[in-house]
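> Per mature numbering (1 follows the signal peptide of the UniProt record, and there is no 0): the sequence shown = residues -49 to -1, 1 to 396. Quick reminder that beta carbons are idealized off the backbone N, C-alpha and C, glycines included. Just dropping this structure here.
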Amino acid sequence: MDDKPRTLPSIGDRAYQPRRTFLKQSMGLLGGSALMSLLPAGLSSAVWAAGTDGLETTKAKLGFIALTDAAPLFVADELGLFAKHGMTGVEVLKQSSWGTTRDNLVLGAGSGGIDGAHILTPMPYLMAAGKVTTNNTPLPMYILARLNLNGQGISISKEYQDLKLGTDASAFKQAVAAKLAKGQKIAAAMTFPGGTHDLWLRYWMAAGGIEPNKDLPTVVIPPPQMVANMKVGSMDAFCVGEPWNAQLINQGIGYSAVTTGELWANHPEKALSLRADYVDANPNATRALLKAVMEAQMFCEAAENKEKVAEICAKRRWIGAPAKDLLARLQGNIDYGNGRVVENSPHLMRFWSEFASYPFQSHDLWFLTENKRWGYLPRDFDSQALIDTVNREDIWRQAAAELGVPAEQIPQGKSRGIETFFDGKTFDPQNPQAYLDSLTISSLA
């Protein structure tokens, strides 16, 4: 991407228009809300989608990693929301790692893989750009929604209990340097290179003066294996989603330095992403899937449903961890494991409030800019061109209209504006280069 400020484009400016013809077919000249107002009383959007408009398929295979932020997929399955919207053949399938998720997306359901997934937001971009796929072959992907905000954590081995680390990581730099000087191995774990956990961990370390590629190397560990690896001393710190930070504390193996919402309040996290060929071939089925997930997000957000959500997530087929390891942080009650306890934290995981479900293009631009920062993407990479192709906020808006989502719950624009981080740095989506220039530690040449 060049250095000059850029304006996020309107829907009409999209370079790749043919894929959007289904919107004309299904909505005509009427907006979604107007069209739904013409339906007979009691006729649900699911009946409309399955009957009047017709679903091209009732099947989809969706992958997930055992993390609390996959709850909307679990809930949509358990409460019959996919079926409600006519998608009676949806399979929600556990993946062992983000690498496996990627590989199964490359395969596609027709070859034994999957059609879409609960996924780290940057991954569909890295796949579409051919940066993390075999032979660097691009795989066209679309992001349909964000699944959650907040809800991740950076946890530290009990070896460093006395440091009581928080947002300031500077003391950690000296501690790991001393360990390395004794000839001992040091490492910080994340879940996928260039993914959200990698970026949160690197940002936190760099803000404390730690150079991730020099002072404290990173290693890749699948989320469900983080706690076991910390227990045997394989790493000094890790960044992962829940419930693994809480489970680490409950097992007495370490403590949480920060929740990622403390680094960036209401930050975007996981996404619902599908292969582009599935969406292009099945536009109506895609919207039906999305509506089911959006309704599940609304359910997960409601305070009165948190215990039910924790019970669902705890099942062996989903996460397979004790419900108590899920519930407290779902409710915003955070025991950091170092004597610090916060009740009703403003940084709890959000599924619907604060426009949690809407995939802001400005957020995707930050993720791609951070991937440039750490050398995963070249400095001249055209981020906005890729966002124009991958980010399908237009489908989200159509689904929201069909569901009758109130106007105040739908963002007016594609950007959330200037974002401010815990260290005082700001990201203006109109000038991402200024943000990059303000950073003192990066892997940029």
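Let me confirm a value: T19 is counted as buried when at least 16 other C-beta atoms fall within 10 Å, else exposed. Which label applies?
buried
> With DSSP as the reference, identify every bridge partner of N342, one or two as the case may be.
DSSP lists I94 as partners of N342.
> Below 8 Å CB to CB, which residues in the same chain sit around L30 once its five sequence neighbours on both sides are set aside?
A247 and F250
> Once the 5 residues before and after A350 are set aside, which same chain residues still bring their CB inside 7 Å of it?
If we look at A350 and ignore the five residues flanking it on each side, its Cβ neighbours are R238, L241, K242 and M245.
> Could you check what DSSP says for Q363 in three-state terms: helix, strand or coil?
coil
> Using the three-state DSSP reduction, which class does G37 fall into: helix, strand or coil?
coil
> Confirm, please, whether the CB-CB distance from M74 to F134 is below 8 Å.
The question names Phe, but residue 134 in the sequence shown is Gly. No, they are not a contact pair.
> Name, in chain order, the residues that DSSP records as bridge partners for T169.
A139
> To which residues of the same chain is E7 closer than 7 Å at the C-beta, ignoring the five residues directly before and after it?
A232, N233, N235 and A236
> Going by beta carbon distance, what residues of the same chain come within less than 7 Å of S47, once the five residues before and after it are set aside?
P173
> Buried or exposed: I65, going by 16 or more other Cβ atoms within 10 Å of its Cβ?
buried
> May I have a chain-ordered list of the alpha helix (DSSP H) segments no shorter than 4 residues that lie completely inside the segment 202 to 255?
For the segment 202 to 255, the full-length alpha helix (DSSP H) segments reaching 4 residues or more read 211 to 214, 227 to 232 and 234 to 252 along the chain.
> What residue range is occupied by the uninterrupted alpha helix (DSSP H) comprising Q384?
Q384 -> alpha helix (DSSP H) spans P383 to D388.
> Curious, which full-length alpha helix (DSSP H) runs of at least 4 residues does the segment 250 to 331 contain?
257 to 265, 275 to 281 and 312 to 324
> Just to confirm the assignment, what range does the beta strand (DSSP E) spanning L131 have?
That residue, L131, is in no beta strand (DSSP E); its alpha helix (DSSP H) goes S121 to A132.
> What residues in its chain sit with their C-beta under 6 Å from that of F378, if we drop five residues either side in the sequence?
W317, E370 and Y386
> For my contact list, N99 and R301 are in at a C-beta cut-off of 8 Å; report their separation, rounded to the angstrom.
6 Å
> What first and last residue would you give for the beta strand (DSSP E) that runs through F189?
A188 to G192
> Would the segment 107 to 127 count as touching the segment 156 to 170 if we require 3 or more Cβ pairs under 8 Å?
yes
> Kindly indicate which three-state DSSP category T371 falls into: helix, strand or coil?
strand
> Whole angstroms are fine: how far does the CA of E252 sit from the CA of residue 401?
With the chain represented from -49 up to 396, any question about residue 401 goes unanswered, as that position is not in the structure.
> Would you tell me roughly how many angstroms separate the C-alpha atoms of residue 406 and P175, rounded to the nearest one?
No statement about residue 406 is possible, as the shown extent of the chain runs from -49 to 396 and does not include it.
> Give me the Cα-Cα distance between P169 and K130, rounded to the nearest whole angstrom.
Note that residue 169 is Thr in the sequence shown here, rather than Pro. In a straight line, the C-alpha of T169 is about 16 Å away from that of K130.
> Going by the beta-carbon positions, is the gap between T72 and G14 smaller than 8 Å?
Cβ distance not < 8 Å, so T72 and G14 don't count as in contact.
> My assumption, with CB atoms under 8 Å, is that A96 sits in contact with L223. Please give the rounded CB distance.
5 Å
> When you compare each of T39, Y76, V57 and T88 to A336 by their alpha carbons, which one comes out closest?
Y76
> With a threshold of 16 other CB atoms inside 10 Å of the CB of Q103, please say whether the residue is buried or exposed.
buried
> P89 to G61, Cα distance in whole Å?
In a straight line, the C-alpha of P89 is about 18 Å away from that of G61.
> Among the residues of its own chain, which have a CB less than 8 Å from the CB of R343, if the five just before and after it don't count?
Y93, I94, L95, V230 and P310
> Going by DSSP, name the residue or residues bridged to T377.
T371
> CA-CA distance, E258 and R330?
45 Å
> Leaving out five residues on either side along the sequence, give the residues of the same chain with a beta carbon under 7 Å from the beta carbon of L167.
V127, I137, A139, M156 and I161
> CA-CA distance, F260 and D388?
Reading off the sequence shown, one finds Val at residue 260, where the question assumed Phe. When rounded, the distance between both Cα atoms is 42 Å.
> Among A307, Y287 and R280, which has the Cα closest to the Cα of N295?
R280
> In whole angstroms, give me the CA-to-CA distance for S108 and S304.
33 Å
> In whole angstroms, what separates the C-alpha of S394 from that of K376?
Taking the straight line joining both Cα atoms gives about 18 Å.
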